[in-house]
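Colleague: For our numbering, count along the sequence shown from 1 and bump the result up by 178.
From the three backbone atoms N, C-alpha and C, an ideal C-beta is built for every residue, glycine too.
Since the model is a prediction, treat every value here as computed from it, not as a measurement.
Sharing a structure with you now.
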Amino acid sequence: MRPAGHPPKRITLSMSAAQGLLHNSDGYHRDDPQFSGPVTTREYLVDDVVGSSVTKKAASATLLVKTSVESAKTWFVVGAAIQTNKPFEALTFIYYHNTLDQITMSILITGGASQVGSVIAQQLKDADQNVIIGSRSGRVPQGFESVKLDWMDDSTFQNPFKISGIDIKSVYLLLPPGYVDPSDNIKQFIDIAASNGVKRFVLLSGSAVEKDAEFGISKVWKYLDEKKLDYFALRPTWFIDNFLEFHGKDIREHDEFKSVMPNAKIPLISVAEIGRVALKVFLSDKNERTDQRIIGPELITYDQVADILTEVLGRKITHKVVTPEELTDYYSKALGWPLNYAQFLVQAEQYVDAGSEERWWGNPENINGKETVREWAERNKINFAPASKV
179 MRPAGHPPKR ITLSMSAAQG LLHNSDGYHR DDPQFSGPVT TREYLVDDVV
229 GSSVTKKAAS ATLLVKTSVE SAKTWFVVGA AIQTNKPFEA LTFIYYHNTL
279 DQITMSILIT GGASQVGSVI AQQLKDADQN VIIGSRSGRV PQGFESVKLD
329 WMDDSTFQNP FKISGIDIKS VYLLLPPGYV DPSDNIKQFI DIAASNGVKR
379 FVLLSGSAVE KDAEFGISKV WKYLDEKKLD YFALRPTWFI DNFLEFHGKD
429 IREHDEFKSV MPNAKIPLIS VAEIGRVALK VFLSDKNERT DQRIIGPELI
479 TYDQVADILT EVLGRKITHK VVTPEELTDY YSKALGWPLN YAQFLVQAEQ
529 YVDAGSEERW WGNPENINGK ETVREWAERN KINFAPASKV
């Protein structure tokens, strides 16, 4: 419907001009001056019309225009008139001019105020990208627009695509923590997003996750690949930031953190480094790869992390090795995670202690971060201060 105050205008193209326009346009080409045959869609420009698409069907035509944020002028087409039962000499497009209703191309960050998602959102914002954060609870970083999105409630999956003036072009996918396999829900959302014009998906996976495995993340990754969508799977090793996320309370209150990893050597990576990789992936016209591992600049044990925290914080921090049962109990009771998810994480730690992350060290195909554990600890030392001293 044409808004009030914007009277229709007309532009008439001769038959030869119309044919030339169609023949030289981007997209699919069909040499059909009668506009007959199967439906064909193509992208093209006409005068000040930007981001246009033509749909040809039988002997009728409709011109649909989508706003381009690169243009100061926005043209919307409300109809098209052509001769219907005989060859015609001209095609008349009816359009109107509207400078008010701009569409803002945006990137959707799922997972609310998650570690990586929050960092990616800020880095995108700093790069002058518009960001919408999908959140179940509404808890999002200050200064960002949010939309209700709950992975366990498919009635919310259309919400990001109903925001007035917003066109989602890319999505960051974070599977919900606490669920071992929510892949069916995520795949349903991917279908909805793709049908609403999303062009790129960036999935947070993991260094040890393979596309053809039976993990929930693997199933989502494989689905993106099978659907032949434009996607990239971020594959970071273990986060340095987990010493705050998982162990921060224990370090602040008891000067210790727990694990089942007495021997593991891990090329720990900071979330900030992962964010920088994601930023490049989102902003690139085309990514040459669909996945890449991201590791830190040093192989380090948890005992060594405890020594570094001791030096940086100025008090003795201890790495306490516990049994799998004790750690499962801690994750499920102290952190409130479902029992099966806590067991899954403890099992993952046991794999790491057996060398599952150390094996990536020295692989030339990795993306190698630069921030060391010591540099990260210096940057975050205030967050480890005991509550009475904050």
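If you reduce the DSSP assignment to three classes, tell me which class Lys-365 lands in.
Modeller: By one-based count along the sequence shown, residue 365 stands at place 187. Note: Lys-365 maps to helix in three-state DSSP.
Colleague: Report the start-end ranges of each beta strand (DSSP E) in the region 279-360 that is 3 residues or longer and not cut off at the edges.
Modeller: Runs of the beta strand (DSSP E) inside the region 279-360: 282-288, 308-313, 323-326, 344-351.
Colleague: Under 8 Å between the Cβ atoms of Tyr-480 and Ser-437?
Modeller: Along the sequence shown, read from residue 1 onward, the residue named residue 480 stands at position 302. Along the sequence shown, read from residue 1 onward, the residue named residue 437 stands at position 259. Yes. Within cutoff.
Colleague: So what's Val-499 in DSSP terms, helix, strand or just coil?
Modeller: As a first step, residue 499 must be located in the sequence shown, where it is residue number 321. Val-499: strand per DSSP, three-state reduction.
Colleague: Per DSSP, Tyr-409 is paired with what?
Modeller: In the sequence shown, counting from the first residue as 1, residue 409 sits at position 231. DSSP, once it has assigned bridges, lists Phe-379 as partnering Tyr-409.
Colleague: Along the chain, where does the alpha helix (DSSP H) containing Asp-428 start, and where does it finish?
Modeller: Taking the first residue of the sequence shown as 1, we reach residue 428 at position 250. Segment 426-432, the alpha helix (DSSP H) holding Asp-428.
Colleague: Flag this pair as yes or no: are the beta carbons of Val-349 and Val-376 separated by less than 8 Å?
Modeller: Looking up residue 349 in the sequence shown gives position 171. Looking up residue 376 in the sequence shown gives position 198. Taking 8 Å as the Cβ cut-off, Val-349 and Val-376 qualify as a contacting pair.
Colleague: Going by other Cβ atoms of all chains shown within 10 Å of its Cβ, with 16 needed for buried, is Ala-305 buried or exposed?
Modeller: Residue mapping note: residue 305 aligns to position 127 of the sequence shown, counting from 1. Ala-305 is exposed by the Cβ-count criterion.
Colleague: To which residues of the same chain is Gln-521 closer than 8 Å at the C-beta, ignoring the five residues directly before and after it?
Modeller: In the sequence shown, counting from the first residue as 1, residue 521 sits at position 343. Thr-506, listed in sequence order.
Colleague: With a threshold of 16 other CB atoms inside 10 Å of the CB of Val-217, please say whether the residue is buried or exposed.
Modeller: Here residue 217 refers to the residue found at position 39 when the sequence shown is read from its first residue. With a pLDDT of only 28 at Val-217, under the threshold of 50, the placement of this residue in the model should not be trusted; the figure read from the coordinates follows. By the neighbour-count rule (16 or more Cβ atoms within 10 Å), Val-217 is not buried but exposed.
Colleague: Buried or exposed, going by whether 16 or more other CB atoms sit within 10 Å of the CB of Ala-565?
Modeller: Start at 1 with the first residue of the sequence shown, and residue 565 comes out as number 387. Exposed.
Colleague: Taking the alpha-carbon positions, what's the Gly-289 to Glu-451 distance?
Modeller: Position 111 of the sequence shown, counted from the first residue, corresponds to residue 289. Position 273 of the sequence shown, counted from the first residue, corresponds to residue 451. So the alpha carbons of these two residues sit roughly 19 Å apart.
Colleague: Going by the beta-carbon positions, is the gap between Arg-498 and Glu-434 smaller than 8 Å?
Modeller: In the sequence shown, counting from the first residue as 1, residue 498 sits at position 320. In the sequence shown, counting from the first residue as 1, residue 434 sits at position 256. The sequence given here places Lys at residue 498; Arg does not occur at that position. Closer than 8 Å, so yes.
Colleague: Verify whether the separation of the beta carbon atoms of Trp-538 and Pro-445 is less than 8 Å.
Modeller: In the sequence shown, residue 538 corresponds to position 360, counting from 1. In the sequence shown, residue 445 corresponds to position 267, counting from 1. In contact: Trp-538 and Pro-445 (Cβ atoms closer than 8 Å).
Colleague: In this structure, what does DSSP give as the bridge partners for Ile-486?
Modeller: By 1-based counting over the sequence shown, the position of residue 486 is 308. According to DSSP, Ile-486 bridges with nothing at all.
Colleague: Reducing DSSP to helix, strand and coil, say where Asp-507 ends up.
Modeller: Position 329 of the sequence shown, counted from the first residue, corresponds to residue 507. In the structure shown, Asp-507 sits in a helix (DSSP, three-state: H, G or I).
Colleague: Name the residue from Ser-315, Gly-321, Ser-313, Met-439 whose alpha carbon lies nearest to the alpha carbon of Gln-300.
Modeller: In the sequence shown, the residue the question calls residue 300 occupies position 122. With distances taken between Cα atoms, Gln-300 lies closest to Gly-321.
Colleague: Three or more C-beta pairs closer than 8 Å, one from the region 408-428 and one from the region 366-382: is that the case here?
Modeller: Yes, since at least three Cβ pairs between the region 408-428 and the region 366-382 fall closer than 8 Å, the two stretches touch.
Colleague: Mapping the DSSP letters down to three states, classify Glu-549 as helix, strand or coil.
Modeller: As a working note, residue 549 is residue 371 in the sequence shown. Residue state, collapsed to three classes: coil.
Colleague: List the DSSP bridge partners of Arg-471.
Modeller: Looking up residue 471 in the sequence shown gives position 293. BP columns for Arg-471 point to Arg-413.
Colleague: Using the rule of at least 16 other Cβ atoms within 10 Å of the residue's Cβ for burial, across every protein chain shown, is Arg-467 buried or exposed?
Modeller: Translated into the one-based positions of the sequence shown, residue 467 becomes position 289. Its Cβ having fewer than 16 others within 10 Å, Arg-467 is exposed.
Colleague: Taking the alpha helix (DSSP H) that Ser-396 belongs to, which residues open and close that run?
Modeller: Translated into the one-based positions of the sequence shown, residue 396 becomes position 218. Ser-396 -> alpha helix (DSSP H) spans 394-404.
Colleague: What does Ile-478 pair with, by DSSP beta-bridge criteria?
Modeller: If you number the sequence shown from 1, residue 478 lands on position 300. Paired residues: Ile-444.
Colleague: Answer yes or no: do Leu-382 and Leu-352 have a C-beta to C-beta separation smaller than 8 Å?
Modeller: Here residue 382 is taken as the residue at index 204 of the sequence shown, counted from 1. Here residue 352 is taken as the residue at index 174 of the sequence shown, counted from 1. Cβ atoms of Leu-382 and Leu-352: closer than 8 Å.
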